[in-house]
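Residues 1 to 173 (the UniProt record's numbering) are what the sequence shown spells out, left to right. Glycine included, C-beta positions come from ideal geometry on N, C-alpha and C. Notes to accompany the following structure.
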Amino acid sequence: MGVPSPEHARGGGLFHISETAPPVVYWGGPAQRTDAQTDSLDSHALRLAMSGNDKLLSDFLRDCYVPYHLGLSTPSADKLELACRLFSSWIGHPARLSDLSEEAVLGWLSERLQSQAAWTVKRNRGELLAIWRFAAKRGLSGPVPEIPTIRVPRRMPVAWRLEEFERLVAAAR
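This is how it looks when you write it as structure tokens:
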């Protein structure tokens, strides 16, 4: 089964079905993906790829997820689409449902935490997992593993002291 080694976790890796089958990217980051780093897909991803139901993540979002979620605002749909594009960019090709794996998502989130605010990465995590869970409920992807939450700093509440509020009201009169 396709279990990445620590080398894959650090530098990315390319998994594919066989030497004769076209490569299917299953795990990896933008760095150091080569044909020399091969393994087989897990059985569900293999069945999915062979079944013809292995949709592009962006197509699944547009054709299935967004229409099902009535009242989803355009900005929310745009953020979901951005999460798909960012994940696709990280794995190096347009992401498919079979590209969603615990190792790949953890690698993507870990790398994003190096350059983005924790709040941003937490939002990206939630967006990608929402799409993945929706696909899993429809039998289009394997079960969604427990992906650790992103710890974010507590925000200090913005509040006025009574004297400050009184001065503000007095100035407004």
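By Cβ distance below 8 Å, which residues in the same chain neighbour residue i in space, the five residues on each side in sequence not counted?
{"i": "Tyr-147", "result": "Checking the displayed sequence, the identity of residue 147 turns out to be Ile instead of Tyr. Closer than 8 Å at Cβ, skipping near neighbours: Glu-102, Val-105, Leu-106, Leu-109, Arg-125 and Leu-129."}
{"i": "Arg-85", "result": "Ser-58"}
{"i": "Ala-171", "result": "none"}
Can you tell me the Cα-Cα spacing of residue i and residue j, whole angstroms?
{"i": "residue 216", "j": "Glu-81", "result": "There is no way to answer for residue 216, as the model of the chain reaches only from 1 to 173."}
{"i": "Val-169", "j": "Leu-162", "result": "11 Å"}
{"i": "Leu-72", "j": "Met-156", "result": "30 Å"}
{"i": "Asp-78", "j": "Val-66", "result": "10 Å"}
{"i": "Gln-114", "j": "Ala-83", "result": "16 Å"}
{"i": "Gly-119", "j": "Val-158", "result": "The sequence shown places Trp at residue 119, rather than the Gly named in the question. Rounded to the nearest angstrom, the two C-alpha atoms are 18 Å apart."}
{"i": "Pro-153", "j": "Gln-116", "result": "14 Å"}
{"i": "residue 218", "j": "Leu-70", "result": "The structure shown does not extend to residue 218, since the chain is modelled only from 1 to 173, so the question has no answer here."}
{"i": "Ser-89", "j": "Pro-145", "result": "22 Å"}
{"i": "Ser-76", "j": "Val-121", "result": "15 Å"}
{"i": "Trp-160", "j": "Ile-91", "result": "47 Å"}
{"i": "Arg-167", "j": "Arg-173", "result": "10 Å"}
{"i": "Thr-149", "j": "Glu-164", "result": "38 Å"}
{"i": "Thr-74", "j": "Phe-87", "result": "20 Å"}
By alpha-carbon positions, which one of the options ends up nearest to residue i?
{"i": "Pro-143", "options": "Phe-134, Ile-150 and Lys-122", "result": "Phe-134"}
{"i": "Tyr-68", "options": "Arg-167, Lys-137, Phe-87 and Lys-122", "result": "Lys-137"}
{"i": "Ile-131", "options": "Asp-99, Trp-90, Glu-164 and Arg-173", "result": "Asp-99"}
Kindly list the residues whose CB is nearer than 7 Å to the CB of residue i, restricted to its own chain and excluding five residues on each side of it in sequence; keep chain order.
{"i": "Leu-97", "result": "Leu-48, Asp-54, Lys-55, Leu-57, Phe-60, Ala-135, Leu-140 and Ser-141"}
{"i": "Arg-151", "result": "Ala-118"}
{"i": "Glu-127", "result": "Lys-79, Leu-80 and Ala-83"}
{"i": "residue 194", "result": "The question about residue 194 has no answer here: the residues shown for the chain are numbered 1 through 173."}
Among residues of its own chain, excluding the 5 on either side of residue i, which ones have a beta-carbon nearer than 6 Å to its beta-carbon?
{"i": "Arg-62", "result": "none"}
Ranges of the alpha helix (DSSP H) found wholly within the segment 86 to 132, counting only runs of at least 4
Runs of the alpha helix (DSSP H) inside the segment 86 to 132: 102 to 115.
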